[in-house]
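First comes the structure, then the notes that go with it.
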Amino acid sequence: MVPSRPDKKIFKLDVDFDSRYANKLFGMVKRPLEKILSMDELNLTYWNARDVEENDRHFSVSLLESMNVRYEITDKDLLKIPKTGKIVVVSNHPFGGIEGVIMGAILKSVRPDSRIMANFLLERVPELRDLFIFVNPFGSKSAVRANINSLKFTIEHLNNGGALGVFPAGEVAHMKWSNREISDPEWSDTIARIIRKTECPVLPMYFNGFNGMIFQLAGLIHPRLRTMMLPREFVNKVDKKIEIRIGKLIPFSKIKSFETDAEAISYLRQRTMLLKNRDEADKDESRSSMAITMKKEGYAPVIDPVDSELLEDDIVNLPARQKLLESGEFDVYYANFKQIPNIMREIGRLREIAFRDTDEGTGKELDLDWYDEHYMHLFIWNREKRELVGAYRLGRTDNICKKIGSEGLYTTTLFKIKKSLLQDINPALEMGRSFIRPEYQRSFAPLLLLWKGIGHYVHRYPKYKILFGPVSISNDYETSSRQLMVAFLMVHNFLPEMAKKVKPVTPFKSSGKIRMTHGKKDKGLIDIDDVSDMISDIEEDKKGIPILLKQYLKLGGKLLGFNVDPSFADALDGLILVDLTKTDPRILNRYMPKGGIEEFLEYHSGKAKAVEGEKSQ
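Counting in my numbering, the sequence shown runs from 1044 upward without gaps.
Have a look at this one:
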């Protein structure tokens, strides 16, 4: 397309030296330098955009159209941008130019009041001045004054309910000698300060990609070479497609919870960078779904439901003391395998159905094994509908190890556990094979009732202060989500000394790509709810961490190791241990009968005093 004004240069090298000789010398190399730095192509790009400019759209859209730059963003992600109210959008800075234009086009399509904080060099484009708030990264006195005015305008814009897009790195992502990785430099605390001052919620946005290798190598020689090549990198995005991802809105209350601006901006960086893993999830999806489909084709049909009368016969024959509690139409019981033959068959049927739904089924007609025969079974019965609702399997270590040995514990099929560890935690309850009937999974109430049943059982038999066992993270989760959970748990909920006594049969291999820290200022200040939100950003169905894992962690659970179980579609099992005497009493009180928490803690306090008395004699 013929430019409208090819003679007028918007972008050019303007340098005024104090020395007349220096100016003359620069004049001799100016044009060759402008050609090397792609200034001509940049000017042509501008005028081509002017030629396709339309009155009813922003110039950023015309600029992208003239360059044939396409960006991909899902409708679901676009809906995450609030249509009203103050908000700050934070993003990585992979290209050093084009992402600002794309961010402007996206935000303007939803929020006409949007402004983008950008490098002052873009101020040369008159049509973009209504979009950008310009800052000068160079530290001259005039630059400092200009930046102060820009910051004042920014704060006023947000306080008036506007939307602001920012690239907190300030400098484009580049390769570093230390690790040969391309990444943003540390994000500026100033952005966190603006957010905290204006009390804004934050929306993370991620641009997928980075500049070419010539750009990266030039930057390794000298940072100024990298800066000089930015015009070239801008124009070489012609005919490119760029993917954008948007995460969950982060409320200001979360930002406020950090003690310092450095911690806050570190957290925002982490939330943004983890959006990259949604790309890895897309790559894994077709491969994993194909493997699961092939496996399911060989599954046996699940048995028919067991007759309700047979189930009721088992319940009627149970001693009254084995009913732990009632809640509405639900009763919670415990029993051994021989006491409830019909219920066990129904448990096996429903287990298989529930686990197949998360791609963890055995593939058999029902899910029962040898371990069921010497374990206790805690289950919920709906007396009105005459049906089983859910169940948990409890292995009493003192009973099992005495009669069978440690090989009688299911956990030992996944982890090799030293005898000394089993002795340290004995007596304990090995927890596992829990499920809720699919029709009841829409409500949290049945799982809560199962845990109340466990609380009542422990109150009745208070010697079992330790709960342990494998908690599953199904292969239905993307690889990056599982890597993220393991990385978080290893940093925040791991017992390294005890873990030395545990060896996974099939260890989980961490990629090392997902870390809990980014830069010197980052202290990994996140909690399990943050991790759940991050995983929700990655997962297509927006699920967070498994609810059972979350439940164990709220009880104070700690991990001792991770194992991949090929028998259950490569489910990732974390060996978790909970010491109920160290659980927050307010949380434990939710599950025990009235006054039970005091009696439970008093029991163990008495045991401790008795041990101390023996030692003093």
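For every residue, glycine included, the Cβ atom is placed at its ideal position computed from N, Cα and C.
These numbers come from a predicted model, not from an experiment.
Decide if the stretch 1540-1553 is in contact with the stretch 1501-1517; the criterion is three or more beta carbon pairs, one per stretch, under 8 angstroms apart.
-> Output reads no: the stretch 1501-1517 does not touch the stretch 1540-1553.
Looking at C-alpha atoms only, which residue of 1371, 1388, 1385, 1361 is the closest neighbour of residue 1378?
-> Locating residue 1378 in the sequence shown gives position 335, counting from the first residue. In this structure, 1361 is the residue among 1371, 1388, 1385, 1361 with its C-alpha nearest to the C-alpha of residue 1378.
Can you tell me the Cβ-Cβ gap for residue 1473 and residue 1512, rounded? I've got them flagged as a contact below 8 angstroms.
-> As a first step, residue 1473 must be located in the sequence shown, where it is residue number 430. As a first step, residue 1512 must be located in the sequence shown, where it is residue number 469. With a Cβ gap of about 5 angstroms, residue 1473 and residue 1512 count as contacting.
C-alpha gap between residue 1640 and residue 1374, whole angstroms = On the sequence shown, position 597 is the one that residue 1640 refers to. On the sequence shown, position 331 is the one that residue 1374 refers to. For residue 1640 and residue 1374, the distance between alpha carbons rounds to 21 angstroms.
Please indicate yes or no: does the CB of residue 1632 lie closer than 8 angstroms to some heavy atom of the ligand SAM?
-> This structure does not include the ligand SAM; it has no bound ligands of any sort.
Whole-angstrom Cβ separation of residue 1341 and residue 1406, contact assumed at under 8 angstroms?
-> Start at 1 with the first residue of the sequence shown, and residue 1341 comes out as number 298. Start at 1 with the first residue of the sequence shown, and residue 1406 comes out as number 363. Contact holds; Cβ gap of about 6 angstroms.
Grouping DSSP H, G and I as helix and E and B as strand, with all else coil, what is residue 1512?
-> To locate residue 1512, count along the sequence shown from 1; it is residue 469. Looking at residue 1512 - three-state DSSP - the assignment turns out to be strand.
Ends of the beta strand (DSSP E) at residue 1175?
-> In the sequence shown, counting from the first residue as 1, residue 1175 sits at position 132. For residue 1175, the enclosing beta strand (DSSP E) begins and ends at 1175-1178.
So the beta strand (DSSP E) residue 1490 belongs to, where does it begin and stop?
-> Taking the sequence shown and counting its residues from 1, the one referred to as residue 1490 is at position 447. Element bounds for residue 1490: not the beta strand (DSSP E) but the alpha helix (DSSP H), 1488-1503.
Using the C-alpha atoms, what's the distance from residue 1591 back to residue 1616?
-> Within the sequence shown, numbered from 1, the residue matching residue 1616 stands at position 573. Within the sequence shown, numbered from 1, the residue matching residue 1591 stands at position 548. Computed Cα separation, rounded: 12 angstroms.
Contact belief for residue 1601 with residue 1537 at Cβ below 8 angstroms, rounded distance in angstroms = Numbered from 1 along the sequence shown, position 558 holds the residue referred to as residue 1601. Numbered from 1 along the sequence shown, position 494 holds the residue referred to as residue 1537. Contact between residue 1601 and residue 1537 holds, since their C-beta atoms are separated by about 7 angstroms, short of 8 angstroms.
DSSP on residue 1434, reduced to helix/strand/coil?
-> Mapped onto the sequence shown, residue 1434 falls at position 391. In the structure shown, residue 1434 sits in a strand (DSSP, three-state: E or B).
If you draw a straight line from the C-alpha of residue 1422 to the C-alpha of residue 1435, how long is it?
-> On the sequence shown, position 379 is the one that residue 1422 refers to. On the sequence shown, position 392 is the one that residue 1435 refers to. Between the alpha carbons of residue 1422 and residue 1435 lies a distance of about 6 angstroms.
Take the Cβ of residue 1487 as the centre, count every other Cβ of all protein chains shown within 10 Å, and call the residue buried at 16 or more, exposed below.
-> By 1-based counting over the sequence shown, the position of residue 1487 is 444. Flag for residue 1487 reads exposed.
Take residue 1201 as the anchor and find which of 1414, 1611, 1242 has the nearest alpha-carbon.
-> Within the sequence shown, numbered from 1, the residue matching residue 1201 stands at position 158. For residue 1201, the nearest C-alpha among the options comes from 1242.
Could you tell me whether the Cβ atoms of residue 1575 and residue 1320 are closer together than 9 angstroms?
-> The sequence position of residue 1575 within the sequence shown is 532, counting from 1. The sequence position of residue 1320 within the sequence shown is 277, counting from 1. Against a cut-off of 9 angstroms, the Cβ pair of residue 1320 and residue 1575 comes out as no contact.
Between the CA atoms of residue 1165 and residue 1276 - distance to the nearest angstrom = Position 233 of the sequence shown, counted from the first residue, corresponds to residue 1276. Position 122 of the sequence shown, counted from the first residue, corresponds to residue 1165. C-alpha separation (whole angstroms): 14 angstroms.
Assuming residue 1137 contacts residue 1253 under a Cβ cut-off of 8 angstroms, what Cβ separation, rounded to an integer in Å, is found between them?
-> Numbered from its first residue, the sequence shown carries residue 1137 at position 94. Numbered from its first residue, the sequence shown carries residue 1253 at position 210. Contact between residue 1137 and residue 1253 holds, since their C-beta atoms are separated by about 5 angstroms, short of 8 angstroms.
Bounding residues of the alpha helix (DSSP H) (the contiguous stretch that carries residue 1308) | In the sequence shown, counting from the first residue as 1, residue 1308 sits at position 265. First-last of the alpha helix (DSSP H) with residue 1308: 1304-1316.
Return the Cβ separation of residue 1239 and residue 1297 in integer angstroms, given the expectation that the two are a contact with Cβ distance under 8 angstroms.
-> To locate residue 1239, count along the sequence shown from 1; it is residue 196. To locate residue 1297, count along the sequence shown from 1; it is residue 254. So it is not a contact: roughly 11 angstroms between Cβ atoms.
Quick one: residues in its chain with C-beta nearer than 7 angstroms to the C-beta of residue 1425, no 5 flanking neighbours on either side, listed in chain order?
-> The count along the sequence shown starts at 1 and reaches residue 1425 at position 382. If we look at residue 1425 and ignore the five residues flanking it on each side, its Cβ neighbours are 1372, 1373, 1432.
Taking the C-alpha atoms as reference points, what is the distance between residue 1477 and residue 1231?
-> Numbered from 1 along the sequence shown, position 434 holds the residue referred to as residue 1477. Numbered from 1 along the sequence shown, position 188 holds the residue referred to as residue 1231. Distance between residue 1477 and residue 1231, taken at the CA atoms: about 46 angstroms.
Going by alpha carbons, who is nearest to residue 1625 out of 1363, 1514, 1510?
-> Within the sequence shown, residue 1625 is the residue found at index 582, counting from 1. The option with the nearest alpha carbon to residue 1625 is 1510.
Please report how far the alpha carbon of residue 1197 lies from the alpha carbon of residue 1628, in whole angstroms.
-> The residue you call residue 1197 lines up with position 154 of the sequence shown. The residue you call residue 1628 lines up with position 585 of the sequence shown. Their backbone Cα atoms lie some 47 angstroms apart in a straight line.
Compute the beta-carbon to beta-carbon distance between residue 1142 and residue 1054, rounded to the nearest angstrom, for a pair I have assumed lies under 8 angstroms.
-> Locating residue 1142 in the sequence shown gives position 99, counting from the first residue. Locating residue 1054 in the sequence shown gives position 11, counting from the first residue. Not a contact, Cβ separation roughly 18 angstroms.
Could you tell me which uninterrupted beta strand (DSSP E) segments, each at least 3 residues in length, are contained entirely in the stretch 1150-1234, listed from first to last along the chain?
-> As summarised for the stretch 1150-1234, the continuous beta strand (DSSP E) elements at least 3 residues long and confined to that stretch are 1157-1162, 1175-1178, 1206-1209, given in chain order.
Do residue 1289 and residue 1246 have their CB atoms nearer than 9 angstroms?
-> Counting from 1 along the sequence shown, the entry for residue 1289 is found at position 246. Counting from 1 along the sequence shown, the entry for residue 1246 is found at position 203. Pairing residue 1289 with residue 1246 gives a Cβ-Cβ distance under 9 angstroms.
State the Cα-Cα distance for the pair residue 1596 and residue 1083, rounded to the nearest angstrom.
-> Locating residue 1596 in the sequence shown gives position 553, counting from the first residue. Locating residue 1083 in the sequence shown gives position 40, counting from the first residue. Take the alpha-carbon of residue 1596 and the one of residue 1083: they are about 59 angstroms apart.
Take the Cβ of residue 1343 as the centre, count every other Cβ of all protein chains shown within 10 Å, and call the residue buried at 16 or more, exposed below.
-> For this step, residue 1343 is matched to residue 300 along the sequence shown. In the assembly as shown, residue 1343 is an exposed residue. Its beta-carbon has fewer than 16 other beta-carbons within 10 Å.
For residue 1280, which three-state DSSP category applies?
-> Looking up residue 1280 in the sequence shown gives position 237. Residue state, collapsed to three classes: coil.
Can you grab the Cα-Cα spacing for the pair residue 1090 / residue 1190, in whole Å?
-> As a position in the sequence shown, residue 1090 is number 47, starting the count at 1. As a position in the sequence shown, residue 1190 is number 147, starting the count at 1. Answer to the nearest angstrom: the Cα atoms are 29 angstroms apart.
4-residue-minimum alpha helix (DSSP H) runs that sit fully inside the stretch 1102-1144, ordered along the chain | Under the rule that a run must span 4 or more residues, the alpha helix (DSSP H) segments found entirely inside the stretch 1102-1144 read 1102-1110, 1118-1121.
Span of the beta strand (DSSP E) around residue 1619 | Numbered from 1 along the sequence shown, position 576 holds the residue referred to as residue 1619. Here the beta strand (DSSP E) through residue 1619 covers 1614-1622.
Count the other CB atoms within 10 Å of the CB of residue 1454; is the residue buried (16 or more) or exposed (fewer)?
-> Here residue 1454 refers to the residue found at position 411 when the sequence shown is read from its first residue. Using a 10 angstroms sphere on the CB of residue 1454, the tally of other CB atoms reaches 16 or more, which defines it as buried.
Three-state class that DSSP yields for residue 1242 in the structure shown | Counting from one through the sequence shown, the residue named residue 1242 turns up at place 199. The answer is coil: DSSP assigns residue 1242 none of H, G, I, E or B.
Mind checking residue 1265: buried by the 16 CB within 10 Å criterion, or exposed?
-> For the purposes of this step, residue 1265 is taken as residue 222 along the sequence shown, with counting starting at 1. Within 10 angstroms of the beta-carbon of residue 1265 lie fewer than 16 other beta-carbons, which makes it exposed.
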